[in-house]
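> I have a structure here, written as structure tokens, and I will follow up with some questions on it.
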Amino acid sequence: MTKITKITTQKRNKHRYNIFIEKNSKEQYAFSVEEETLISEGLKKGLILDQITMESLTRADHLNKTYNKVLNYLSYRMRSTEEVRTYLLEHELEEEQIQVLIDRLNRQKLLDDQAFADAFVATKINSGFRGPGQIRTELFQKGIKQPLIEQALIRYPESDQVEKIEAWLTKQLKKSTRQSHRQQMNKLKQQLRQKGFDQSTIDHVFQQITFKKDEQEEWQSLVYQGEKALRRYQTKAEGYLLLQKIKASLYRKGFNQELINRFIEQHVDSN
Numbered sequence: 001m002t003k004i005t006k007i008t009t010q011k012r013n014k015h016r017y018n019i020f021i022e023k024n025s026k027e028q029y030a031f032s033v034e035e036e037t038l039i040s041e042g043l044k045k046g047l048i049l050d051q052i053t054m055e056s057l058t059r060a061d062h063l064n065k066t067y068n069k070v071l072n073y074l075s076y077r078m079r080s081t082e083e084v085r086t087y088l089l090e091h092e093l094e095e096e097q098i099q100v101l102i103d104r105l106n107r108q109k110l111l112d113d114q115a116f117a118d119a120f121v122a123t124k125i126n127s128g129f130r131g132p133g134q135i136r137t138e139l140f141q142k143g144i145k146q147p148l149i150e151q152a153l154i155r156y157p158e159s160d161q162v163e164k165i166e167a168w169l170t171k172q173l174k175k176s177t178r179q180s181h182r183q184q185m186n187k188l189k190q191q192l193r194q195k196g197f198d199q200s201t202i203d204h205v206f207q208q209i210t211f212k213k214d215e216q217e218e219w220q221s222l223v224y225q226g227e228k229a230l231r232r233y234q235t236k237a238e239g240y241l242l243l244q245k246i247k248a249s250l251y252r253k254g255f256n257q258e259l260i261n262r263f264i265e266q267h268v269d270s271n
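Numbering (the UniProt record's numbering), first residue to last: 1 to 271.
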């Protein structure tokens, strides 16, 4: 058993207090506590403390200090419960202590996974080009449960997705390319899938939009790809075999048979 001999306010933090006790007939520093702990535990000069109580107060104070760190962590942006749990694990708290802090944050409405998911979806819609699949994956990685994710994604209806895809396609189609029209369309569809858009939504957009095929541009792309194929294969084959290899290469790249034959007649047969 020991007695509190003095309580002083810390110089750098007016809401923390140093507790001094009597030990071996001398006054010495024992531990420090937050103002909340000081009040809730009724700590004052002359109070008798046993060792168990002192250890309990030290653990409680550590919990309070960690709580204040969490508040600072939350001040930068909203966090999911799993993000906070991971943060607390880095501070070497026991699972029971972590749950105490998470329950406290929940009671104070400082943690709300549904609100987090809703805000996350809104931010992703407004700040980039992502489909619901990609957003769903990112939320899952942050520990958000599936029902909450699907509820949040209601904010991203197919009509909004279609609008975004159409705007994106308009920009992409303005870029010059040396691919066949078919290959270009397949590549755009693949990019949309990678960005998290559903196949049904992608198909819907491509059915609604008329993609004008520039015949001159298609021919220039074929000539470019055909000459590359000719350079690649003419050192390995000749005659009929060379023609077949070039034709197969161009067909795989999405060019139609008529243009391929035209290229063969103009660029291969004459060699």
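From the three backbone atoms N, C-alpha and C, an ideal C-beta is built for every residue, glycine too. Bear in mind that the values here come from a model prediction, so they are computed numbers and not experimental data.
#1: Check whether the Cβ atoms of Gly143 and Ser80 lie closer than 8 Å to each other.
#2: For the structure I just gave you, are there three or more beta carbon pairs, one from the stretch 214 to 230 and one from the stretch 261 to 268, closer than 8 Å?
#3: Excluding five sequence neighbours on each side, which residues of the same chain lie with their C-beta closer than 6 Å to the C-beta of residue 302?
#4: Measuring only the C-alpha atoms, how far is residue 275 from Val33?
#5: Would you say Gln114 touches the ligand SAH, meaning its beta carbon is less than 7 Å from a heavy atom?
#6: How many Å lie between His62 and Gln10 at the Cα?
#7: Under 8 Å: do the stretch 46 to 61 and the stretch 16 to 35 share three or more Cβ pairs, one atom per stretch?
#8: Taking only runs that begin and end inside the stretch 171 to 215, name each unbroken beta strand (DSSP E) of 3 or more residues, in chain order.
#9: Asp198 to Phe206, Cα distance in whole Å?
#10: Is Ala122 buried or exposed, if buried means 16 or more other CB atoms sit within 10 Å of its CB?
#11: Across which residues does DSSP place Arg16 in a beta bridge pair?
#12: Is the beta carbon of Thr5 closer than 8 Å to that of Phe20?
#13: Bridge partners of Gln28, per DSSP?
#14: Could you spell out the range, first to last residue, of the beta strand (DSSP E) harbouring Thr5?
#15: Check whether the Cβ atoms of Lys3 and Ile48 lie closer than 8 Å to each other.
#16: To the nearest angstrom, how far is the alpha carbon of Gln257 from that of Tyr240?
#17: State yes or no: is the C-beta of Gln183 within less than 8 Å of the C-beta of Lys253?
#18: Considering only the alpha carbon of each residue, which of Val70, Leu93, Glu95 and Ser127 lies closest to Gln108?
#19: If you check the beta carbons only, do Lys174 and Phe129 fall under 8 Å apart?
#20: Since Ile149 sits in a beta bridge, which residues does DSSP pair it with?
#21: Near Gln234, what residues of its chain come up, given a Cβ to Cβ distance below 7 Å and the 5 sequence neighbours on each side ignored?
#22: Can you tell me the Cβ-Cβ gap for Arg104 and Tyr67, rounded? I've got them flagged as a contact below 8 Å.
#23: Given this structure, state the Cα-to-Cα distance separating Asp112 from Glu166, to the nearest angstrom.
#24: Taking only the alpha-carbon atoms, compute the straight-line gap between Ala119 and Gln216 and give it to the nearest angstrom.
#25: Grab the span of the alpha helix (DSSP H) containing Ile135 for me, first residue to last.
#26: Using CA coordinates, which residue listed in Ile7, Ser25 and Lys23 is at the minimum distance from Tyr17?
By the coordinates alone:
#1: Stepping through the sequence shown from its first residue, residue 143 is reached at position 143. Stepping through the sequence shown from its first residue, residue 80 is reached at position 80. Yes, Cβ-Cβ distance for Gly143 and Ser80 is below 8 Å.
#2: Here the stretch 214 to 230 lies against the stretch 261 to 268, with 3 or more beta-carbon pairs under 8 Å apart.
#3: There is no way to answer for residue 302, as the model of the chain reaches only from 1 to 271.
#4: Outside the displayed range of the chain (1 to 271) lies residue 275, so it cannot be described from this structure.
#5: The ligand SAH is absent from the structure shown, which contains no ligands of any kind.
#6: Your numbering for residue 62 matches position 62 in the sequence shown. Your numbering for residue 10 matches position 10 in the sequence shown. Each residue's Cα considered, the two are about 16 Å apart.
#7: yes
#8: none
#9: In the sequence shown, the residue the question calls residue 198 occupies position 198. In the sequence shown, the residue the question calls residue 206 occupies position 206. Looking at the two C-alpha atoms, the distance is approximately 13 Å.
#10: Numbered from 1 along the sequence shown, position 122 holds the residue referred to as residue 122. Ala122 comes out exposed.
#11: Stepping through the sequence shown from its first residue, residue 16 is reached at position 16. Paired residue(s): Glu34.
#12: Position 20 of the sequence shown, counted from the start, is the residue given in the question as residue 20. Position 5 of the sequence shown, counted from the start, is the residue given in the question as residue 5. Their beta carbons are under 8 Å apart, which means Phe20 touches Thr5 by this criterion.
#13: On the sequence shown, position 28 is the one that residue 28 refers to. BP columns for Gln28 point to Ile21.
#14: In the sequence shown, counting from the first residue as 1, residue 5 sits at position 5. Start and end: Thr2 to Thr9.
#15: In the sequence shown, counting from the first residue as 1, residue 3 sits at position 3. In the sequence shown, counting from the first residue as 1, residue 48 sits at position 48. In contact: Lys3 and Ile48 (Cβ atoms closer than 8 Å).
#16: The count along the sequence shown starts at 1 and reaches residue 257 at position 257. The count along the sequence shown starts at 1 and reaches residue 240 at position 240. Near 17 Å, if we compare the C-alpha coordinates of Tyr240 and Gln257.
#17: On the sequence shown, residue 183 is found 183 positions in, with the first residue counted as 1. On the sequence shown, residue 253 is found 253 positions in, with the first residue counted as 1. Yes.
#18: Within the sequence shown, residue 108 is the residue found at index 108, counting from 1. Nearest option by C-alpha distance: Val70.
#19: As a position in the sequence shown, residue 174 is number 174, starting the count at 1. As a position in the sequence shown, residue 129 is number 129, starting the count at 1. Result no, Cβ atoms of Lys174 and Phe129 do not sit closer than 8 Å.
#20: For the purposes of this step, residue 149 is taken as the residue at position 149 of the sequence shown. Note: Ile149 sits in no beta bridge, so no partner.
#21: Start at 1 with the first residue of the sequence shown, and residue 234 comes out as number 234. Leu242, listed in sequence order.
#22: Taking the sequence shown and counting its residues from 1, one reaches residue 104 at position 104. Taking the sequence shown and counting its residues from 1, one reaches residue 67 at position 67. Rounded, the Cβ-Cβ distance is 7 Å, consistent with contact.
#23: As a first step, residue 112 is located in the sequence shown; it is residue number 112 there, counting from the start. As a first step, residue 166 is located in the sequence shown; it is residue number 166 there, counting from the start. Computed Cα separation, rounded: 34 Å.
#24: To locate residue 119, count along the sequence shown from 1; it is residue 119. To locate residue 216, count along the sequence shown from 1; it is residue 216. Each residue's alpha carbon lies about 47 Å from the other.
#25: Mapped onto the sequence shown, residue 135 falls at position 135. Where Ile135 is concerned, the enclosing alpha helix (DSSP H) stretches over Pro132 to Gln141.
#26: Translated into the one-based positions of the sequence shown, residue 17 becomes position 17. Of the residues Ile7, Ser25 and Lys23, the one whose Cα lies closest to the Cα of Tyr17 is Ile7.
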